[in-house]
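S.K.:
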Amino acid sequence: MSHFIEVGEKTNVFVEDIGRGKPVVFLHGWPVNHKMFEHQMSVLPEKGFRFIGIDLRGYGNSDKPSHGYDYDTMADDVRKVIDQLKLEDAVLAGFSMGGAIAVRYMARHEGKGISKLALLGAAAPVFTERDDFAHGIPKDNVNGLIDGAYADRANMLVDFGSLFFGKDPSEAYNRWFHGLAMEAGPHATILSARTLRDADLRDDLSSIHVPTAILHGRNDEVCPFELAEILEHGIEKSTLIPFEESGHSLFHDEREKFNDELVRFISE
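In our numbering, the protein residues as written are 4 to 271.
(1) Which ranges does the beta strand (DSSP E) cover as unbroken runs of at least 3 residues, wholly within the region 182-213, from first to last along the chain?
(2) Using 8 Å as the cut-off, can you tell me whether the region 218-237 makes contact with the region 186-201, which would need three or more C-beta pairs spanning the two stretches below that distance?
(3) Ignoring anything shorter than 4 residues, give me the alpha helix (DSSP H) runs that lie fully in the region 92-133, in order along the chain.
(4) I need the DSSP call for Glu12, collapsed to helix, strand or coil.
(5) What three-state label does DSSP hand Ser45 in the structure shown?
(6) Could you tell me the alpha carbon to alpha carbon distance between Ala196 and His212, rounded to whole angstroms?
(7) I'd like to confirm the pairing. Which residues does DSSP put opposite His138 in its beta bridges?
(8) Report all residues from its chain with a CB closer than 7 Å to the CB of Pro48; omit the five preceding and five following residues, and keep chain order.
(9) Exposed or buried, which one is Thr242 when buried takes at least 16 other CB atoms within 10 Å?
(10) Are there three or more Cβ pairs, one per stretch, closer than 8 Å when the region 83-93 is compared with the region 163-180?
(11) For Met39 and Ile238, I'd like the C-alpha separation in whole angstroms.
(12) So, under 8 Å CB-CB, Tyr74 and Ala202 are touching, yes? Tell me the CB distance rounded to an integer number of Å.
(13) Inspect the CB distances between the region 57-67 and the region 24-33 and report whether three or more fall short of 8 Å.
(14) Just to confirm my understanding: we take Glu229, look at its own chain, exclude 5 residues before and 5 after, and list those with CB closer than 6 Å. What are they?
(15) Please state whether DSSP places His251 in a helix, a strand or coil.
(16) Report yes if the CB atom of Pro128 is closer than 8 Å to the CB atom of Val106, and no otherwise.
(17) Taking only the alpha-carbon atoms, compute the straight-line gap between Asn177 and Val46 and give it to the nearest angstrom.
(18) For Gly124 and Ser249, what's the separation of their Cα atoms in angstroms?
(19) What first and last residue would you give for the beta strand (DSSP E) that runs through Val28?
(20) Quick check on the DSSP output: the beta strand (DSSP E) that includes Arg53 runs from which residue to which?
(21) Could you check how far apart the C-beta atoms of Val84 and Tyr108 are, in whole angstroms? I think they sit under 8 Å.
(22) Phe40 lies in the beta strand (DSSP E); which residues open and close that run?
(23) So what does Glu19 bridge to, in DSSP terms?
(24) Should Lys170 be labelled buried (16 or more other beta-carbon atoms within 10 Å of its own) or exposed?
(25) Any idea which residues DSSP pairs Ile217 with across the strands?
(26) From the DSSP output, in three-state form, read off Glu257 for me.
Here it is, written out as structure tokens:
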């Protein structure tokens, strides 16, 4: 079943809703959409869980308004989906930028409807280096992505893909994944990158009180592994699960382990 849910200001977000059982809400990373979770979309319903994949505003099949690409607004959009679908006792699973939005959701909306949190290669608590935060990636790296999006977004995404995957995908998979990124609005890609660059979620971590699984690749060149260690230190009831052979794309690089760990966490 698919839904278009109005989140305000004549903006609708697309939601893929498959299966029955305990709901698992997936928030995708920059700059793709819910289809990145196709291996979970196929496996979780067979395991008795309900897969719910949200295309964030600006991405995939969702509307692409000119504004609203800050974490507060996108977390509010997630709240509208959770309320509209009347979700309770759900797992919120966020990858990369989606992980940052999940952290903001837990703090801003006091975890409404969520009983567990899964942070997957999360771009949190801070994505870029700053004077009081020596981790993350240099801000100039993100500025380069933004400049590339203005000049030649398709080629920028090819370059970004070279950092994204820890294990080379097949040519067909790589083309498909690149296509997901090209479905995003160019302005959404740019404005979300600015949010990734500038947001600071450190104060949000103490607001998370549900069991939290932190899945992160040891060789992640997009969101360095140190970010996962900081998340584990800052979130009570959290467990860090390293993926020794993965880069940022742990869902691809160690697909079976990723699904096994996710199912185990959901089932606990």
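All C-beta atoms, glycine included, are put in the ideal place defined by N, C-alpha and C.
Owing to the predicted nature of the structure, the values given are computational and were not obtained by experimental measurement.
M.R.: On the basis of the data shown:
(1) none
(2) no
(3) 100-111
(4) coil
(5) helix
(6) 28 Å
(7) His138 is not bridged to any residue.
(8) Ile21, Gly22 and Phe54
(9) exposed
(10) no
(11) 26 Å
(12) 6 Å
(13) yes
(14) His138
(15) coil
(16) yes
(17) 21 Å
(18) 10 Å
(19) Lys25 to Leu30
(20) Phe52 to Ile57
(21) Actually they are not in contact, since the Cβ atoms of Val84 and Tyr108 sit about 10 Å apart, beyond 8 Å.
(22) It is not in any beta strand (DSSP E) - Phe40 carries neither H nor E in the DSSP assignment.
(23) Ser5 and Gly56
(24) exposed
(25) Leu122 and Leu243
(26) coil
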